[in-house]
Amino acid sequence: MNKIFVKTTNVKNFIGLVENLINKPKNIPKMGLVYGEPGLGKTNAIIWWAVKQDAILITAKNGMSARWFLAELVADLGESPHFNIPVLFEQAVRHLIEHPRMLIVDEVDYLINSSKAVETIRDLHDKTGIPVLLVGMGMLDKKLIRFKHLFDRIIEIYRFVPFDIDDVKEIVNTLSEVEIEDTTIETLYQKANRFRQIVKYITKMENLAKTNGYKVITNKELGW
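In the working numbering, the protein residues as written are 57 to 280.
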């Protein structure tokens, strides 16, 4: 299987969103929200972007407190986290003002029960002016509404949607090392609508082609 990052419709819209955040004027909030059901490429997209643009990527964990979040952030910034929360916050703010980088927080749903953690992210944005992207599950937009001061700062929002047929064709034709007939891709589209599922089918097709010497995979070879 080819090791290539696939730019689906979701990914293209994601890129547009983060570029819009980065290019906002200084006096405009730079908070964005990306959400959607699992398996649509959110995690792959943010990891790809974080590596490409040297953004900070923090993945929230179940039960994560404000101090835990700040300690992980400060450690990722290359500093030794202080025990005291106010000092931790100042460590992060100072570093991000001196070395501005985009902050991406994935699995934000885990922070919803810790209002201090959520408000800490807002405070970091306000103090440093860096772009901040929140990423989470399908109802994250509804969950964040109760944090009014934070939600008012979110000016770019995108919901990852299920793949359409063109997305599935792009994924298959980009990743597969064996030719797969269009009618077979259309059948695959009816069977799989999550990235991992599609990759599993591609692996199956590649193995089938290698074992049997097939040059092209069609519905006939798959028994579809």
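Cβ atoms here follow ideal geometry from the backbone N, Cα and C, with glycine treated the same way.
Nonlocal neighbours in the same chain, by C-beta distance under 6 angstroms from T274, ignoring five residues either side: E237, T240
Ends of the alpha helix (DSSP H) at D208? Run containing D208: none; DSSP gives neither H nor E here.
Give every residue of the same chain whose Cβ lies closer than 7 angstroms to the Cβ of W105, excluding the five residues on either side of it in the sequence, and list them in chain order. V74, A111
Taking T230 as part of the alpha helix (DSSP H), name the residues at either end of that continuous run. 221-231
With DSSP as the reference, please indicate the residues paired to Y91 in a beta bridge. G192, R215
Ordered along the chain, which non-local residues of its own chain (more than five positions away) have a Cβ less than 8 angstroms from that of P156? T184, G185, I186
Would K298 be called buried (16 or more neighbouring beta carbons within 10 Å of its own) or exposed? Nothing can be reported for residue 298: it is not among the residues displayed for the chain, which extend from 57 to 280.
How would you write the range of the beta strand (DSSP E) that I114 sits in, first residue to last? 112-115
Ends of the alpha helix (DSSP H) at L180? 171-184
Excluding the 5 residues flanking G97 on each side, which residues of the same chain have their C-beta closer than 7 angstroms to its C-beta? T64, N66, V67, F216, F251
Output the boundary residues of the beta strand (DSSP E) element that contains D238. Unbroken run through D238 is the alpha helix (DSSP H), 238-247; no beta strand (DSSP E).
Based on Cα-Cα distance, which residue from D220, R150, V90, I160 lies nearest to D197? V90
Beta-ladder partner(s) of D162, from DSSP: T115
Between Y245 and V224, how many whole angstroms is the CB-CB distance? I'm expecting something under 8 angstroms. 5 angstroms
State the DSSP-derived secondary structure class of E135, mapped to helix, strand or coil. coil
Closest residue to V191 among H151, I160, Q109 (Cα-Cα distance): I160
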